[in-house]
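This report refers to the structure that appears directly beneath it.
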Amino acid sequence: MSAELSRDTKISYKRTGSFYRYSKRILDILGALSGLILLSPILIVVGMLIKLESKGAIIFAQKRVGLNGKEFKMYKLRSMVANAEQIKEKLKSENEMSGPMFKMKNDPRITKVGKFIRKTSIDELPQLFNVIKGDMSLVGPRPSLPNEVKEFEPWMMKRFEIKPGLTCYWQVSGRNNIDFENWMRLDIKYVEDKNFWLDIKLIFKTMFVLFGDENAS
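First residue of the sequence shown: -5, per the working numbering; consecutive thereafter.
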């Protein structure tokens, strides 16, 4: 599957102000490196717990759609059983999220350790490596699955004009309590509002999620 965008859309990222683009990249690298250094003890301990609880890899890699519709491998700490994708097919009727996204509060595929790391967003920390690689930014729309993008309406494709991120408006505004269309509208709003100080503000707001988010699952 390819979610490649039109030429006009692809060059929009280059048209973004130079100060913002370079300062955002510097913020991404410094922030990601600092995060990995400070949080490495947590990553090591959680990784051990994941391995002890269930079979499978500690890091879960999955194809996502990024800047200009280009696919990349996004990393997460594994929070589900190893055969989660196969089980998902049997759970489609239990989907609690509108649109093409799949969300289920009491998802039986989630492990005990998985419940904790999803609640605290610790499972997302390996994406700091994606930020260093340049596939993602600290702030930007959450990266979507290729099969989800196939069902996007044309106006939703604007979110691919910038790099996906670890956090954005949706992440700090209710997450699972926001339906799919409003989620997409929040992403488009960020694309239109984006600036350096907004990124700083969203990063600080997101830090509080590490202490527990009642809307995470």
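Just so it is clear, CB atoms sit at the ideal spot from N, CA and C, and this is done for glycine as well.
Item	Value
Who are the Cβ neighbours of residue 33 in its own chain at under 7 Å, not counting the five residues just before and after it?	119
Taking contact to mean at least 3 C-beta pairs separated by less than 8 Å, is the region 131 to 143 in contact with the region 41 to 51?	no
If residue 135 sits next to residue 158, beta carbons under 8 Å apart, how far is it from one beta carbon to the other, in whole angstroms?	5 Å
Just reading off the beta strand (DSSP E) that residue 56 is part of, what are its end residues?	53 to 59
Using DSSP bridges, identify the partner residues of residue 66.	58
Mapping DSSP to helix, strand and coil, what is residue 95?	coil
Would you say the region 76 to 85 touches the region 24 to 41, given that touching needs at least three Cβ pairs under 8 Å?	no
Check this for me: beta carbons of residue 27 and residue 172, under 8 Å apart or not?	no
Would you tell me roughly how many angstroms separate the C-alpha atoms of residue 65 and residue 57, rounded to the nearest one?	6 Å
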